[in-house]
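Residue numbers (the working numbering), protein chains in the order written: chain A, 447 to 940; chain B, 447 to 940.
For each residue, glycine too, the CB sits at the ideal point set by N, CA and C.
Data first, discussion second: the structure below is written as structure tokens.
Here it is in structure tokens:
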């Protein structure tokens with residue numbers, strides 16, 4: 447773990463009082479990333495972040511595969527003409543595309559985009575692969591990095607290269623495409639909430655905020671400690687826009703051309719890492735839920751007398767072996783630092799469970815287990831170590847989730863009836879403001895723009911996907927005062 | 447598996463007689479890749495290839511980690527000025543670099559390279575991370591794709607974007623760097639030979655064939671069925687060239703600057719996939735060793751009477767569950783194709799074991815196991831399915847390895863004493879020609895060039911890394927006839 451120790455620094459910032467400073471300190475202190483790479487906006491992911499990200503992929507990929515998705519690896523580059531086939535898509539993405547224009551000394555006649563997203567790569571192949579309804583549904587996913595020429599960047603939240611998954615699904619019917627939206631949303635919820643303890647809100651985005659080239663967008667919003675929103679993923683119903691643009695079709699019995707429907711889902715692995723760091727961390731550093739912790743249990747030997755040294759170390763190694771046999775990522779820290787140094791170090795890294803082993807533990811066949819989140823201690827039989835780790839791991843996750851859910855609930859304001867009250871709520875505690883709103887179709891855009899300007903960034907996130915909420919007949923839009931057709935949520939975002 | 451079935455075609459080409467046609471048919475027939483993507487030299491990896499490649503990564507990564515390497519994710523782009531710091535490196539790589547020159551509408555003042563290899567990215571960070579010998583050894587690896595503007599491409603063998611692993615290791619001393627070379631070579635041998643049944647030859651390459659910017663190169667050569675060589679990976683001793691170029695250093699007690707030594711190792715995951723396809727495949731398709739087969743056991747129900755249909759299918763599903771519980775990738779093919787179609791399909795895909803289940807098997811609690819490589823059948827107790835699969839899987843691997851080793855041995859010519867005989871051996875059976883050679887230091891280059899021209903492509907691969915071979919005092923170089931100092935091997939390569 448030499449690299450981990452290299453740049454780990456003292457960490458002592460209040461997350462509650464100075465979230466931004468806390469975030470910008472903890473990601474370096476816990477040695478997740480290094481931002482000193484000499485291309486602005488591109489990050490070096492150090493081993494701890496790399497393993498954390500692998501953990502996130504390993505939660506999502508099996509869920510997608512259980513739902514019938516198959517993995518593929520597509521080229522990183524996409525020719526410019528592919529973008530130009532779908533007009534809204536090109537307008538939406540091209541301003542932030544990186545262009546490859548030369549190979550060796552040779553200037554290309556047609557530039558290649560570094561993929562900002564891969565619809566225009568996949569659909570070119572779909573046109574070759576899909577010849578009849580028998581070829582459908584076709585559900586593929588790719589785990590990869592994508593590239594966007596952003597002007598402001600923030601580690602795990604906005605980057606010029608970031609890691610995600612993209613699914614690209616094609617269906618014979620609209621009905622199946624709409625059903626997939628609900629499946630995607632259930633997967634996002636299951637992974638984020640059940641496995642990572644992060645509550646999310648799934649919104650049908652307003653029409654003016656949909657994916658370039660798509661029909662409808664559902665996005666998954668996570669509340670960050672500073673009250674701003676981190677959109678950790680989204681699903682788009684693309685309708686027949688992309689299949690028509692790329693000629694993905696067949697001829698029906700009636701001689702007419704048929705175009706299938708399609709969807710895409712982008713679990714934002716990078717943004718989930720940012721959410722994990724932010725939502726669960728505390729003033730001592732990260733707190734990682736067991737399912738994604740690169741080290742789940744750190745075992746710290748407390749070496750006093752030289753004569754018992756080997757005995758204590760062997761006991762720790764046996765314990766490590768026992769836990770690893772059960773599939774846990776356990777690690778003895780036998781470096782020559784003090785126990786206190788090691789406690790701080792692994793707390794900063796967010797390891798959920800620590801086991802302390804001293805001469806007394808060895809003599810009595812015991813272990814002392816310490817929870818990262820509450821620092822509660824439990825002395826237990828060494829023989830039952832695995833059972834205890836599993837149980838306490840589950841408790842930590844439950845407790846992190848409960849805390850995050852309470853925080854989210856506390857930060858949903860439901861009492862605002864005009865734009866001043868929306869602004870006041872956003873200014874005082876951030877989070878979501880639940881409001882009556884005229885419309886999330888295109889005719890609501892003027893009100894949304896006015897609200898965003900008035901609140902200095904409060905955006906209409908849309909209406910909840912999974913809960914039918916409708917305003918009473920008497921309720922008025924918080925902006926224009928006309929009849930409200932929607933219960934919408936307003937929030938500032940990253 | 448819709449995508450798998452889409453483009454699977456009839457397959458019937460003799461591998462022995464027409465290897466090139468066989469290869470260019472089987473990779474599409476088995477639905478590994480699609481080369482119709484509209485950027486030349488860039489491939490779409492379909493699900494079967496993606497899973498196969500993941501299997502290869504999953505064999506290498508733990509070996510690297512056991513040896514103390516930690517995973518990282520570095521940016522895909524590298525600024526041009528980084529390349530220019532190491533003169534030989536820039537000369538070697540820049541002619542085949544893809545350049546990113548624009549973001550949106552903005553022209554960059556300094557172009558960014560798509561990494562052709564990442565030394566010049568890693569060393570920029572090493573200069574920040576390494577401050578004293580206490581920071582060493584530093585051993586990192588990255589699993590990623592790299593980009594080279596090649597003019598001729600061939601799937602899995604030469605591509606404009608291909609998948610590999612790159613390690614970048616830094617050591618305080620030359621001795622450790624040299625020891626790492628042997629460790630890397632042992633890892634390559636262990637994975638290729640033990641896990642995949644592919645014998646390799648590790649050569650210290652001649653000085654004129656080393657990595658641009660490195661001191662010494664060891665490369666891992668695999669014999670392909672057409673007698674040409676597939677270099678599946680290499681390790682380079684970079685000496686202090688890169689640490690000096692990038693200012694990776696510290697000041698010693700004597701006030702002098704100290705520069706560490708470094709190495710890099712590139713297991714060519716893509717080329718290993720090409721080797722797997724080629725070395726083990728037969729006229730029916732791929733043959734994949736158990737450790738990397740995306741499906742290890744396919745279970746084919748043989749449905750006769752309608753009344754027993756459910757019983758047979760349930761029996762298959764139970765068996766699948768039993769094998770999966772033991773960690774095997776088992777799959778019931780319950781599609782509505784005929785058993786014969788399914789046999790051909792899964793043989794083409796290279797699934798090492800097939801289990802056939804008909805009414806008789808169900809009545810007797812039996813299964814019929816068929817080996818992909820020999821097509822031998824074994825009727826066994828269903829209750830012992832896992833044990834049999836494990837045993838037969840190991841036998842298949844042993845038998846694939848023995849066959850490949852025999853083929854390699856048969857194709858090493860040891861009798862050539864002049865360049866005409868070298869040419870005759872290469873022309874008649876390809877493979878390696880073991881020769882006495884004047885020198886693999888720079889002074890041997892004129893002989894190597896002459897030999898390459900004379901044999902139309904026979905290259906001096908260097909001398910064996912792990913076997914001390916020296917010519918007798920009387921032996922003469924096969925080219926110049928002067929005293930030979932080396933036993934070298936000559937072969938044509940991909």
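Which residues bound the beta strand (DSSP E) around residue 681(A)?
-> Here residue 681(A) corresponds to residue number 235 of the first chain, with the count starting at 1. Counting along the chain, the beta strand (DSSP E) containing residue 681(A) begins and ends at 675-685.
May I have the straight-line CA-CA distance separating residue 509(B) from residue 766(A), to the nearest angstrom?
-> As a working note, residue 509(B) is residue 63 in the second chain. As a working note, residue 766(A) is residue 320 in the first chain. The alpha-carbon atoms of residue 509(B) and residue 766(A) are separated by roughly 19 Å.
Within 8 Å (strictly less), CB to CB, does residue 484(A) reach chain B?
-> The count along the first chain starts at 1 and reaches residue 484(A) at position 38. Yes, because at least one Cβ of chain B sits closer than 8 Å to the Cβ of residue 484(A).
For residue 803(A), the three-state DSSP class (helix, strand or coil) | Taking the first chain and counting its residues from 1, the one referred to as residue 803(A) is at position 357. Correct three-state label for residue 803(A): strand.
Under 8 Å between the Cβ atoms of residue 544(A) and residue 549(B)?
-> Residue mapping note: residue 544(A) aligns to position 98 of the first chain, counting from 1. Residue mapping note: residue 549(B) aligns to position 103 of the second chain, counting from 1. Closer than 8 Å, so yes.
Helix, strand or coil for residue 480(A) per DSSP?
-> Locating residue 480(A) in the first chain gives position 34, where the first residue counts as 1. In the structure shown, residue 480(A) sits in a strand (DSSP, three-state: E or B).
Proximal chain C residues relative to residue 493(B), where beta-carbon distance stays under 8 Å = The structure shown has no chain C; the protein chains it does contain are A and B.
Tell me, to the nearest whole angstrom, how far the beta carbon of residue 910(B) is from that of residue 904(B); I am working on the premise that it is less than 8 Å.
-> Position 464 of the second chain, counted from the first residue, corresponds to residue 910(B). Position 458 of the second chain, counted from the first residue, corresponds to residue 904(B). That pair is no contact at about 17 Å.
State the CB to CB distance for the pair residue 682(A) and residue 714(A), rounded to an integer number of angstroms; the pair is presumed to be in contact (CB under 8 Å).
-> To locate residue 682(A), count along the first chain from 1; it is residue 236. To locate residue 714(A), count along the first chain from 1; it is residue 268. Actually they do not touch by this definition, with Cβ atoms about 13 Å apart.
Opposing strand residues paired with residue 827(B) [DSSP bridges] = By one-based count along the second chain, residue 827(B) stands at place 381. According to DSSP, which records beta bridges pairwise, residue 827(B) is partnered with 812(B).
Interface residues of chain B facing residue 562(A) [CB-CB closer than 9 Å] | Within the first chain, the letter at position 116 stands for residue 562(A). Those within 9 Å of residue 562(A) in chain B number zero; the least Cβ separation is about 11 Å.
Taking 8 Å as the CB-CB cut-off, is residue 521(B) touching chain A?
-> Stepping through the second chain from its first residue, residue 521(B) is reached at position 75. Interface residue, yes.
For residue 611(A), the residue or residues it bridges with in DSSP = Along the first chain, one-based indexing puts residue 611(A) at 165. DSSP lists 589(A) as partners of residue 611(A).
Own chain residues within Cβ distance below 6 Å of residue 670(A), not counting five before or after = Numbered from 1 along the first chain, position 224 holds the residue referred to as residue 670(A). The answer, listed in chain order, is 676, 724.
Name the chain A residues that come within less than 9 Å of residue 550(B), Cβ to Cβ?
-> Counting from 1 along the second chain, the entry for residue 550(B) is found at position 104. Those are 540, 541, 542, 543, 544, 545, 595, listed as they occur along chain A.
Runs of alpha helix (DSSP H) wholly within the region 716-799 of chain A (minimum 4 residues, chain order) | 755-771, 785-795
Which chain B residues sit within Cβ distance under 7 Å of residue 488(A)?
-> As a first step, residue 488(A) must be located in the first chain, where it is residue number 42. Neighbours of residue 488(A) on chain B, chain order: 521, 523.
Is it true that the CB of residue 794(A) sits closer than 8 Å to the CB of residue 495(A)?
-> Taking the first residue of the first chain as position 1, residue 495(A) is located at position 49. Taking the first residue of the first chain as position 1, residue 794(A) is located at position 348. No, Cβ-Cβ distance for residue 495(A) and residue 794(A) is not below 8 Å.
Using a threshold of 7 Å, is the CB atom of residue 518(B) nearer than that to any non-hydrogen atom of the ligand ATP?
-> The ligand ATP is absent from the structure shown, which contains no ligands of any kind.
Can you find a C-beta in chain A that's less than 8 Å from the C-beta of residue 907(B)?
-> Position 461 of the second chain holds residue 907(B). For residue 907(B), the answer is no, since every Cβ of chain A falls outside 8 Å of its Cβ.
Among 626(B), 474(B), 836(B), 809(B), which residue has its Cα nearest to the Cα of residue 513(B)?
-> Reading the second chain from its first residue, position 67 is the one you call residue 513(B). Here the closest residue by C-alpha is 626(B).
Near residue 788(A), which residues of its chain fall below 6 Å by C-beta distance, leaving aside the five closest residues on each side in sequence?
-> Position 342 of the first chain, counted from the first residue, corresponds to residue 788(A). Contacts found: 746, 779.
With 8 Å as the threshold, decide whether the Cβ of residue 558(B) is near any Cβ in chain A.
-> For the purposes of this step, residue 558(B) is taken as the residue at position 112 of the second chain. Taking Cβ atoms only, chain A reaches closer than 8 Å to residue 558(B), which makes this a yes.
Below 8 Å between beta carbons: does that hold for residue 658(A) and residue 537(A)?
-> Residue numbering aside, residue 658(A) sits at position 212 when the first chain is read from its first letter. Residue numbering aside, residue 537(A) sits at position 91 when the first chain is read from its first letter. In contact: residue 658(A) and residue 537(A) (Cβ atoms closer than 8 Å).
Nearest CA to the CA of residue 816(A): which residue from 805(A), 808(A), 810(A), 831(A)?
-> Working through the first chain from its first residue, we reach residue 816(A) at position 370. With distances taken between Cα atoms, residue 816(A) lies closest to 831(A).
Answer with yes or no whether the minimum CB distance from residue 480(B) to chain A is below 8 Å.
-> Counting from one through the second chain, the residue named residue 480(B) turns up at place 34. Residue 480(B) counts as touching chain A.
Under a Cβ-count criterion, where at least 16 other Cβ atoms within 10 Å of its own Cβ denotes burial, should residue 1013(B) be classed as buried or exposed?
-> Past the edges of chain B, shown from 447 to 940, lies residue 1013(B), and the structure says nothing about it.
Is the shortest distance between the beta-carbon of residue 497(A) and the beta-carbons of chain B less than 8 Å?
-> As a working note, residue 497(A) is residue 51 in the first chain. Cβ-Cβ to chain B under 8 Å: yes for residue 497(A).
Please go through the same chain and pick out, in chain order, the residues whose beta-carbon is closer than 6 Å to the beta-carbon of residue 824(B), but skip the five residues on each side of it.
-> Counting from 1 along the second chain, the entry for residue 824(B) is found at position 378. Only 815 meet the Cβ criterion.
Could you tell me the distance, in whole angstroms, from the CA atom of residue 844(B) to the CA atom of residue 643(B)?
-> Along the second chain, read from residue 1 onward, the residue named residue 844(B) stands at position 398. Along the second chain, read from residue 1 onward, the residue named residue 643(B) stands at position 197. Answer to the nearest angstrom: the Cα atoms are 7 Å apart.
Given residue 449(A), which residues of its chain have a CB within under 8 Å of its CB, disregarding the five upstream and five downstream residues?
-> Here residue 449(A) is taken as the residue at index 3 of the first chain, counted from 1. With a pLDDT of 36 at residue 449(A), under the threshold of 50, the modelled position of this residue cannot be trusted, and the question is left open.
Identify the residues that DSSP records as bridge partners of residue 647(B): which are they?
-> The residue labelled residue 647(B) in the question sits at position 201 within the second chain. Per DSSP, 667(B).
Which residues DSSP lists as bridging residue 544(B), in chain order = Taking the second chain and counting its residues from 1, one reaches residue 544(B) at position 98. According to DSSP, which records beta bridges pairwise, residue 544(B) is partnered with 549(A).
Look at the alpha carbon of residue 527(B) and the alpha carbon of residue 685(B), and state the distance between them as a whole number of angstroms.
-> In the second chain, counting from the first residue as 1, residue 527(B) sits at position 81. In the second chain, counting from the first residue as 1, residue 685(B) sits at position 239. Looking at the two C-alpha atoms, the distance is approximately 21 Å.
Residue range of the unbroken alpha helix (DSSP H) whose run includes residue 503(B) = Here residue 503(B) is taken as the residue at index 57 of the second chain, counted from 1. Counting along the chain, the alpha helix (DSSP H) containing residue 503(B) begins and ends at 493-512.
Quick one: what does DSSP say residue 711(B) is sitting in, helix, strand or coil?
-> To locate residue 711(B), count along the second chain from 1; it is residue 265. Correct three-state label for residue 711(B): strand.
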